[in-house]
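See below for the structure under consideration.
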Amino acid sequence: MSEISANSYPRSWKKPPLIANRLLRWCLWFGAAIYLALALGTMEINWGRVAEGLPRGQKFIGAFFPPDFVSRWDSIVDGILESIWMTVIATVAGIALSIPVGLGAANNLAPTPVYLFCRAVIALSRTFPEVILAIFAVKLFGFGPFAGFLALSIATVGFYAKLLAEDIEDMDARQAEAIKATGAGWFQWINYAIQPQVMPRMIGLAVYRLDINFRESAVVGIVGGGGIGATLLTAFDRYEFDSAAAILVIIIVIVMVLEYSSGYLRKWVQ
Amino acid sequence: MLRLEGLHKRYRTGDEALKGVDLDVPDGQVMALIGPSGAGKSTLIRCINRLVEPTSGRTVLNDTDLTALSQSGLRAARRRMGMIFQEYALVERLTVMENVLSGRLGYVGFWQSWFRRFPGDDVQEAFRLLDRVGLVEMVDKRADELSGGQRQRVGIARALIQNPELLLVDEPTASLDPKTSRQIMRLICELCKERGLAAIINIHDVLLAQMFAERIVGLRLGEIVYDGPPDGLTPEVLTEIYGEEDWEATIERVDEEGSPNTEALASDIGAAGS
Amino acid sequence: MPVLDTNEGPVWRRRTTAAQWAIWGGWFVGVAIVVYCWKLVSDKTVWFFVTDAGRQAADMASRMVPPKWSYMETLWRPVWDTINIATLGTLLAIAMAFPIAFLAARNTTPNAGVRAIALLVIVSSRSINSLIWALMLVAIIGPGVFAGVLAIGFRSIGFCAKLLYEAIEEIDAGQVEAIEATGASGGQKLVYGVIPQILPTFAGISVFRWDINIRESTVLGLVGAGGIGLQLDASISTLAWTQVSLILIVILATVIVSEWVSARVRHAII
């Protein structure tokens, strides 16, 4: 910029690019373009089939005005209730299991072998989506809500123990040190130094997980894990869109209620 | 010149921020608006460019009734009023140059501004102004990399590139250290003089106001309680504006530190004051 | 912190007697609910299968090793499809979430009616799992990758838009005010005042969602929406356990790689 003198200021200016290296910038753009072209090119959309489906889509949207709650009411109620039970016990059991795993997976609490073991447990239970866990649970434990309960519990451990461990690792070390200095035992130390620091956030996350588990309980049913998913699958298979719409509306309403109350609860806890 | 007639603002909460303010600011006058927090200083200058809608009353800038303008008319009128903010209010993730050029947004179309294709004259003017405020080396820096004083200089350049007829300045020094505060105030006053600009400067530092302004207006609870030259700020007047306190120290310090500007400006007041 | 006066002098207690009873009462109700839910689930469970599960699991595990590595040749294409579903679906979602977020944020929405509609779109999209979206879309437009892309897209709109509109509501209003004071139009105010402030958050949200979507798109095949889930479903139903174990390994690897990529990208952005 040294060439700027008082009477000849430049008349144009360009924003400096995000990626300063020109070669890298072009390579990234080029790579992204090639990837998009390939991805779209290999998608193989059957436009004929899509066009054929449009009236059906219209019919489906129409089915929401109004949805048919009546004709399958009994099985809908059954399914929803089963989903709710499953959600409740899976959340409670999952969180109960998460506490030891989470404590073990915090590197400022646990000795290295325990730490590695607990981290491995978390990684494994996080990787596979609830549905895959449910498939295997169904294979091993038979159809029904018990399989769904197991799948959701395992997924809860992966979620909750990880966040608990991270929260403990992020806590204020001075408070923990101060309690330790009083000569407190290990459990006293956890109770007085760790628990008060992580509790409010963890209660919030528990409610949040309850909400996730309810949503997931709708899909474990698709593979035989009990709950509303089975009813929904039947409705779709029979093209009973108005019953399907009714189920979806119920799910949306329950999730909204859960979300609203969890927001309220979290405010109240903190 | 700017004329406020019976300007009144009541917020939805019921707070009455301005209770009928009448004020004339002639061309080229640098006026300081002092008063305690909550006196309505911020509301007053925001009512002028209608960032806050006044409840009743009129503001007239060189024969344009600002309060009667439509939305598009208001946009055009805002171009004529540059504003400088307390916390700089730069868009922190944009470069210095973009921040300065954003002062021209009222003059260019949407797509022009989207693609950062500002007219050559604007860019040239931006470089000239950045050079004037001493930041020409920083054009490509992001605003959040600058120090407080530098950011406020960018804010000044952004206001001036609008080519305004009036500067509205809201607590320009509130987040700056004492030395930088003076430099910034001096810069603002110099630039106003160079361009013959009128300015309304909200400031709660009485000392700075006395040092740099030609005219002081004291606001209390939404009403003007003092309007006159800087040396008219006697302990009685300050008590009237701010409430009971020992003011002798404040005033004495002014006399000791009194900048050459104060005397030079004092003679102008007779001519400019209304 | 109540202090009780007793015969032996004042005694400090953590809570008053009433508060202590309320807390015990709360615990009692909570435990009762869990036990009741557990009973309902256990009524629907065939316990013979559950007690037999250990043997079943051992049996299944023994059939799974060694993984059939040669099957990998047929898996490359499904993996490619899975990644495409996640990526294209995420792109679709962020393209739609961006405007919706602006309509839903209190400080940028044109009016309350529009905001309510935007919020309804967000909550509907979020409440319905991507597998259920896939189920619907397969019923409407037929099976294939396209249905998967749309399912991931529709599910992610709500997620991205929710996080984004919360970010928009938290921006610094002073910067926007400064832009407004220059005489900028409404559009310019968004481009100069709002968007620069939320861009990093926006990029972070997109990458985060992409990572989740990789995981979710591995199961869409179960309902016919393309990707590696198709092979998983087929292998399980033909009891080809050595293929199943290979597929699980591939999913694990894909998820780990995507998590690594997203962590790197997020690190680079922030």
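Chains as they are written, first to last, in the numbering used here: chain A, 114 to 383; chain B, 1099 to 1372; chain C, -2 to 267.
Beta carbons are placed, not taken as given, at the ideal position from N, Cα and C, and that holds for glycine.
Can you list, in chain order, the residues of its chain whose CB lies under 6 angstroms from that of residue i, leaving out five sequence neighbours each side?
i: A343 (chain A); result: G334
i: D181 (chain A); result: D355, S356, A359
i: R1144 (chain B); result: V1150
i: I117 (chain A); result: Note that I117 (chain A) scores 49 on pLDDT, short of 50, meaning its location in the model is unreliable; the coordinates nonetheless yield the value given after this. Excluding sequence neighbours, I117 (chain A) sits near nothing in its chain.
i: K65 (chain C); result: T239, Q240, L243
i: R263 (chain C); result: G201, V204
i: G1106 (chain B); result: According to the sequence displayed, residue 1106 (chain B) carries His and not Gly. Around H1106 (chain B): L1116, G1118, T1153, S1154, G1155.
i: I1299 (chain B); result: A1130, V1267
i: R11 (chain C); result: none
i: P258 (chain A); result: E195, M199, G339
i: Y1186 (chain B); result: R1249, Q1250, G1253
Rounded to a whole number of angstroms, what is the C-alpha to C-alpha distance between residue i and residue j?
i: K380 (chain A); j: A278 (chain A); result: 23 angstroms
i: I1367 (chain B); j: I1182 (chain B); result: Below a pLDDT of 50, predicted positions are generally treated as unreliable, and I1367 (chain B), at 40, falls in that range; no measurement from the model is reported.
i: A331 (chain A); j: I341 (chain A); result: 5 angstroms
i: A219 (chain A); j: A297 (chain A); result: 20 angstroms
i: E372 (chain A); j: R1284 (chain B); result: 55 angstroms
i: E195 (chain A); j: G339 (chain A); result: 7 angstroms
i: S1166 (chain B); j: Q171 (chain A); result: The question names Ser, but residue 1166 (chain B) is Ala in the sequence shown. The straight-line gap from Cα to Cα measures roughly 49 angstroms.
i: V1231 (chain B); j: L1319 (chain B); result: 36 angstroms
i: T1360 (chain B); j: Q1281 (chain B); result: Here T1360 (chain B) scores only 42 on pLDDT, less than 50, and its place in the model is too uncertain to base an answer on.
i: G1246 (chain B); j: R1177 (chain B); result: 25 angstroms
i: M61 (chain C); j: L245 (chain C); result: 10 angstroms
i: I97 (chain C); j: T84 (chain C); result: 20 angstroms
i: F1216 (chain B); j: Q310 (chain A); result: 53 angstroms
i: S1357 (chain B); j: M1309 (chain B); result: The predicted model places S1357 (chain B) with a pLDDT of 44, which falls under 50 and marks its position as unreliable, so this point remains unresolved.
i: C157 (chain C); j: S1279 (chain B); result: 43 angstroms
i: V1221 (chain B); j: S374 (chain A); result: 53 angstroms
Apart from the five residues just before and just after residue i, which ones in its own chain have a Cβ nearer than 8 angstroms to its Cβ?
i: M1179 (chain B); result: I1146, N1147, L1159, Q1260, P1262, E1263, L1264, L1265, L1266
i: V1234 (chain B); result: F1225, L1228
i: L160 (chain C); result: T198, I202
Identify which residue in the options has its Cα closest to the Cα of residue i.
i: V252 (chain C); options: C:H264, C:S214, C:T239, C:V111; result: C:S214
i: G1138 (chain B); options: B:P1124, B:Y1109, B:T1157, B:T1165; result: B:Y1109
i: L346 (chain A); options: C:G221, C:L227, C:G226, C:H264; result: C:G221
i: A164 (chain A); options: C:S242, C:I137, C:G226; result: C:I137
i: W186 (chain A); options: A:S375, A:M369, A:T200, A:I363; result: A:I363
i: L1258 (chain B); options: B:M1236, B:L1306, B:A1296; result: B:A1296
i: D285 (chain A); options: A:E157, A:A133, A:I307, A:A152; result: A:I307
i: E252 (chain A); options: C:G27, C:V254, C:C34, C:L236; result: One detail in the question is off: residue 252 (chain A) reads as Lys in this sequence, not Glu. That would be C:L236, whose Cα lies nearest to the Cα of K252 (chain A).
i: S67 (chain C); options: C:R261, C:V247, C:V254, C:I266; result: C:V247
i: V254 (chain C); options: C:V216, C:E174, C:R212; result: C:R212
i: A250 (chain A); options: A:T240, A:L318, A:I267; result: A:I267
Give me the chain A residues within the contact set of residue i, using Cβ-Cβ distance strictly less than 7 angstroms, ordered along the chain.
i: R1226 (chain B); result: Y122
i: S121 (chain C); result: I365
i: C157 (chain C); result: Those do not exist, as C157 (chain C) stays about 16 angstroms from chain A at its closest Cβ, beyond 7 angstroms.
What in chain C is Cβ-close to residue i, meaning under 7 angstroms?
i: F1183 (chain B); result: G171, A175
i: N1147 (chain B); result: A178
i: W1345 (chain B); result: Chain C residues near W1345 (chain B): none, gap ~32 angstroms exceeds 7 angstroms.
i: A152 (chain A); result: N81, T84, L85
Name the chain C residues that come within less than 8 angstroms of residue i, Cβ to Cβ?
i: K252 (chain A); result: Q53, M57, I233
i: T240 (chain A); result: R212, I248, L249, V252, I253
i: E329 (chain A); result: N126
i: G1201 (chain B); result: T179
i: V1234 (chain B); result: Here the premise fails: no neighbours, minimum Cβ distance about 21 angstroms.
Which residues of chain A have a Cβ atom closer than 8 angstroms to the Cβ of residue i, listed in chain order?
i: K41 (chain C); result: E195, G257, P258, F259, G339
i: E1196 (chain B); result: K128
i: L132 (chain C); result: I335, L345, L346, F349
Residues of chain B with CB under 8 angstroms from residue i, in chain order?
i: P129 (chain A); result: T1193, D1238
Note down, in chain order, every chain B residue with its Cβ under 7 angstroms from the Cβ of residue i.
i: S125 (chain A); result: G1218, V1221
i: L161 (chain C); result: Within chain B, no residue comes near L161 (chain C); the closest Cβ sits about 16 angstroms away, beyond 7 angstroms.
i: S182 (chain C); result: R1173, F1208
i: G190 (chain C); result: V1189
Starting from the beta carbon of residue i, find every residue of chain A whose beta carbon is closer than 9 angstroms, and list them in chain order.
i: R1214 (chain B); result: W126, K127, K128
Closer than 7 angstroms by C-beta to residue i: which residues in its own chain qualify, once you throw out the five before and the five after it? Chain order, please.
i: A206 (chain A); result: S266
i: F254 (chain A); result: A260, L263
Exercise. Quick one: complete beta strand (DSSP E) runs, 3+ long, within the region 1109 to 1154 of chain B?
Worked result: Entirely contained in the region 1109 to 1154 of chain B, the beta strand (DSSP E) runs reaching 3 residues are, in chain order, 1114 to 1123, 1128 to 1132.
Exercise. Which full runs of the alpha helix (DSSP H) of 4+ residues lie inside the region 17 to 74 of chain C, going along the chain?
Worked result: Runs of the alpha helix (DSSP H) inside the region 17 to 74 of chain C: 44 to 61.
Problem set entry | Minimum length 4: unbroken alpha helix (DSSP H) runs contained in the region 281 to 359 of chain A | If we require 4 residues or more, the alpha helix (DSSP H) runs fully inside the region 281 to 359 of chain A come out as 286 to 294, 299 to 302, 308 to 333, 341 to 350.
Problem set entry | Any beta strand (DSSP E) of 3 or more consecutive residues that is wholly inside the region 1315 to 1346 of chain B | Within the region 1315 to 1346 of chain B, the complete beta strand (DSSP E) runs of at least 3 residues are 1321 to 1326.
For this session: Counting only runs of 4+ residues fully inside the region 226 to 257 of chain C, write out the alpha helix (DSSP H) ranges in chain order.
Result: Within the region 226 to 257 of chain C, the complete alpha helix (DSSP H) segments of 4 residues or longer fall at 226 to 234, listed in chain order.
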